[in-house]
Every structure is written in C-alpha cells, then in structure tokens.
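K.L.:
Position in the sequence shown (from 1) plus 33 gives the number in my numbering.
This is the structure, below, for whatever I ask next.
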Amino acid sequence: MNQAEILKHIIQSRKSTFPKDYTSDEIPQPVLEEITSSAHFAPNHKKTKPWRLRVFKGLEKTELGEQLAQIYKETTPPEVFLEKKYFDIAAKISKANAVITISVNFSGLLPEWEEVAATAMAVQNMYLTCTANNVGCYWSTPGMMKHLDRFLGLEENQKCYGLFYLGMKKNED
Ligand SMILES: Cc1cc2nc3c(=O)[nH]c(=O)nc-3n(C[C@H](O)[C@H](O)[C@H](O)COP(=O)(O)O)c2cc1C
C-alpha cells in the first residue's frame, strides 16, 4: 500500500472500542508515548496548543476511578442513585490499561470553540495512532467530568472535556 492507501485504511478502520473489549495486556510504553505525542501535531489557531492531556496508569488510575465513583455518589440524588453504576465506574477504569484525561486550556486569545475544536483534533490523532497500533480506545464524556477540576489541579481557565480509555484490543472473531 502507498501512503495514501495506508492513511485511508487507518481512517476507515478507526472505531471506538470499550473497556469490556480490552485484554489485561500492557500497552508498550513506546506505543503509549507515540499515542500521546501524536496529539501535539493537531492544528491549532495562534499556536495555543490548548489540549491538556494527563495519562493515568496503575495506582493513579485506580484513584481516578475512585474519585469518579465518589463524584457520582455525591452528585446523584438518592432516589436515582444505583449501587451497580457506582461500582461499575471504578471497574470500567480498572479494565483500561491507561486513561488519559482530556482538558482544554482557554488562552483568551481565541473564541473558546476554536480551542475545543483543536483539542478534538488532537483526540482524533490519538484515535488514529491507537488504530495503527491495534490499541482499543474511546472518548468518554460522563457528567462527572465537570467535577474533576480540583482532582486534576485545573486552573480557572481550564476545563475537563472527558476521558480517553485505552487498552490492547481483544482479537475479533
Ligand atoms: C466528543 C465525543 C464524546 C463522546 N462521548 C462518549 C460517551 O460519553 N460515551 C460513549 O459511549 N461514547 C462516546 N463517544 C464515542 C462515540 O459514541 C462513538 O464515536 C460513536 O458511537 C461512533 O462510533 P465509532 O467511534 O466507532 O465510529 C464520544 C465521541 C466523541 C467524539
């Protein structure tokens, strides 16, 4: 395949893969680095590079899962609170080999939507790099993300726009 065919193949085969379809295998560190560094090649107006990506693995990832479950508990009225959902939150995080939090830094130099758009393009780069490396991934935007600011140490002009789950893909039958 020439370059154009390879690119077309990667774009067309990209899809979201959810943690239930990840193996417990480790994503090789150089691959994980390739994925995160690909984000930084996204186009961005006035070179603001607005994406703020933080990789969670191991114990830190467990703490992120516990934090999300806690947020669910604290922000859900008791009459709609589901214990199963509460436990599923941390379990889903533990099924992923890595989770990258996606936040946007608003520089004040541009309309906010441009910084969100540039960040979405950075996420697409990660999706495509995952695809090329047989890594499953997906962008998740749970309501709890609005309450992650303090946990992530975000500043006033920064906001969390979701979680990017990653794991080696199970072989498709
Ligand atoms: C901005 C954005 C937010 C998303 N949030 C969620 C989400 O919260 N939960 C979810 O299951 N999928 C989420 N997705 C993934 C979409 O569901 C998925 O891309 C869509 O179903 C198309 O499937 P594909 O990615 O395999 O083409 C999100 C995708 C984008 C681009």
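Think of the CB as a built atom: it goes at the ideal place given N, C-alpha and C, for glycine as much as any other residue.
Quick one: grab the DSSP three-state call for residue 178.
P.N.:
For the purposes of this step, residue 178 is identified with residue 145 of the sequence shown, where counting begins at 1. Looking at residue 178 - three-state DSSP - the assignment turns out to be helix.
K.L.:
Mapping the DSSP letters down to three states, classify residue 34 as helix, strand or coil.
P.N.:
Counting from one through the sequence shown, the residue named residue 34 turns up at place 1. In this structure, residue 34 counts as coil in the three-state DSSP scheme.
K.L.:
Hey, is residue 105 close to ligand 2, as in C-beta under 7 Å from one of its heavy atoms?
P.N.:
Judged by which ligands are present, ligand 2 is missing from the structure shown, whose ligands are ligand 1.
K.L.:
Run the proximity test for residue 46: is its beta-carbon closer than 7 Å to any non-hydrogen atom belonging to ligand 1?
P.N.:
Taking the sequence shown and counting its residues from 1, the one referred to as residue 46 is at position 13. Proximity of the beta carbon of residue 46 to ligand 1 is not indicated: no heavy atom of the ligand is located closer than 7 Å.
K.L.:
With C-beta atoms as the reference, is residue 149 less than 8 Å away from residue 137?
P.N.:
Against the sequence shown, residue 149 aligns to sequence position 116. Against the sequence shown, residue 137 aligns to sequence position 104. Yes; because the gap between Cβ atoms is below 8 Å, this pair is in contact.
K.L.:
Are the CB atoms of residue 166 and residue 64 nearer to each other than 8 Å?
P.N.:
Working through the sequence shown from its first residue, we reach residue 166 at position 133. Working through the sequence shown from its first residue, we reach residue 64 at position 31. Contact: yes.
K.L.:
Run through DSSP, which three-state label would residue 88 get?
P.N.:
On the sequence shown, position 55 is the one that residue 88 refers to. In the three-state scheme derived from DSSP, where H, G and I count as helix and E and B as strand, residue 88 is classed as strand.
K.L.:
Would you check whether ligand 1 has a heavy atom nearer than 7 Å to the C-beta of residue 146?
P.N.:
The sequence position of residue 146 within the sequence shown is 113, counting from 1. No.
K.L.:
Quick check on the burial criterion: 16 or more other C-beta atoms within 10 angstroms. Buried or exposed for residue 146?
P.N.:
By 1-based counting over the sequence shown, the position of residue 146 is 113. Label assigned to residue 146: exposed.
K.L.:
Just how far apart, CA to CA, sit residue 52 and residue 199?
P.N.:
Taking the first residue of the sequence shown as position 1, residue 52 is located at position 19. Taking the first residue of the sequence shown as position 1, residue 199 is located at position 166. If you take the alpha carbons of residue 52 and residue 199, they lie about 8 Å apart.
K.L.:
Let's test the definition: count the other Cβ atoms within 10 Å of the Cβ of residue 124 and tell me whether it reaches 16, buried, or not, exposed.
P.N.:
What you label residue 124 is simply residue 91 of the sequence shown in a count that begins at 1. Exposed, since its Cβ has fewer than 16 Cβ neighbours within 10 Å.
K.L.:
Going by the beta-carbon positions, is the gap between residue 126 and residue 105 smaller than 8 Å?
P.N.:
Stepping through the sequence shown from its first residue, residue 126 is reached at position 93. Stepping through the sequence shown from its first residue, residue 105 is reached at position 72. In terms of Cβ geometry, residue 126 and residue 105 do not form a close pair [threshold 8 Å].
K.L.:
Would you grab the beta carbon distance between residue 54 and residue 169 for me? Rounded to a whole angstrom, and I think it's under 8 Å.
P.N.:
Within the sequence shown, the letter at position 21 stands for residue 54. Within the sequence shown, the letter at position 136 stands for residue 169. At roughly 6 Å, the Cβ-Cβ gap stays under 8 Å, so residue 54 and residue 169 are in contact.
K.L.:
So what does DSSP say about residue 98, is it helix, strand or coil?
P.N.:
If you number the sequence shown from 1, residue 98 lands on position 65. Here residue 98 sits in helix by DSSP.
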